[in-house]
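As structure tokens, the structure follows; a few thoughts come after it.
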Amino acid sequence: FILIGSAKTLEAFIVATLYLAVVLGVQKYFKDVREFTNVSLNGIKGVLPAIIILALAYCINTVTRTLKAQEFIISVMQGWVTPTTLLVVTFITACLISYFTGTSWGTYAILTPFVLPLAFQLTGGEITPLIYATVAAIFGGGVFGDHVSPVSDTTVLASFASACDHVDHVVTQLPYGLTAAIISLLLYTLLGIVL
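Numbering (this note's numbering) for the sequence shown: 1 to 195.
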């Protein structure tokens, strides 16, 4: 795809998957069609949550563009969000969204289209350290929630893989996650003042 100048990810993955299925079939990797079907269905189950999250993120993106939610939120926040408060508000919002949804990528997809245009408006349309710090606040908050949320897939997998009680695992993650979040919040406050 890259050689012919059309590097579309979806088509590349489909072709790679079909190629792999043919190669495995020719090499008699599977005993029969039933085993091939079971392996395929298990693979689909593994990636289905990520596909659903991405599909919903695209839907949210389309709806927010149609409703011009970006412009509305920017106009509402313009009066009270300043470069000093932007990083703290962004980080706390990202922490809350990712904690309650259990997804860091979903948090990025929700916040990025709203917060980055606001940050650009606050910097006069220039790429400044405030823009980089805003991206870091989105990612940092997203990772926090993904790490300590009881509904996060990574938290569920970690407790399952270590064969411990899920609630116990979440409780043991909280002190570390909260310590990192508090330190990050203090640093984002300091960065907001300095930048």
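Backbone N, C-alpha and C fix where the C-beta goes; we use that ideal spot for every residue, glycine too.
Buried or exposed (CB count within 10 angstroms, at least 16 for buried), residue i
| i | result |
| --- | --- |
| G106 | buried |
| Y176 | exposed |
| G79 | exposed |
| Y99 | buried |
| L18 | exposed |
| A199 | What is shown of the chain runs 1 to 195, which leaves residue 199 out entirely. |
| S162 | exposed |
| P181 | The displayed chain sequence assigns Ala, not Pro, to residue 181. It counts as buried. |
| V75 | Correcting the residue identity first, residue 75 is Ser in this sequence and not Val. Counting Cβ neighbours within 10 Å, S75 comes out exposed, since fewer than 16 surround it. |
| T66 | exposed |
| F114 | buried |
| V170 | buried |
| S104 | buried |
| V194 | exposed |
| V81 | buried |
Opening and closing residue of the alpha helix (DSSP H) in which residue i lies
| i | result |
| --- | --- |
| V105 | Just to set this straight, residue 105 is Trp in the shown sequence, not Val. Here the alpha helix (DSSP H) through W105 covers 104-122. |
| V156 | 153-161 |
| L86 | 83-101 |
| Q27 | Taken as a continuous stretch (DSSP letters only), Q27 belongs to no alpha helix (DSSP H), as it is neither H nor E. |
| G79 | First-last for G79: undefined, no H or E at that position. |
| L174 | 166-194 |
Residue from the options with nearest C-alpha to residue i
| i | options | result |
| --- | --- | --- |
| C95 | V148, G192, V170, V167 | V148 |
| I60 | P83, V194, A109 | A109 |
| A137 | A55, T85, I193, Y188 | Y188 |
| T93 | Y29, K31, V15, G142 | G142 |
| F13 | G192, V47, L56 | V47 |
| H166 | L174, P150, T179, L178 | P150 |
| T85 | T134, T128, I73 | T134 |
| L130 | T103, V88, C164 | V88 |
Per-residue DSSP class, three states only, for residue i
| i | result |
| --- | --- |
| I74 | helix |
| I127 | coil |
| F1 | For F1, the pLDDT reaches just 46, beneath the cut-off of 50, and the residue's location in the model is therefore unreliable, leaving the point undetermined. |
| D32 | coil |
| K68 | coil |
| P150 | coil |
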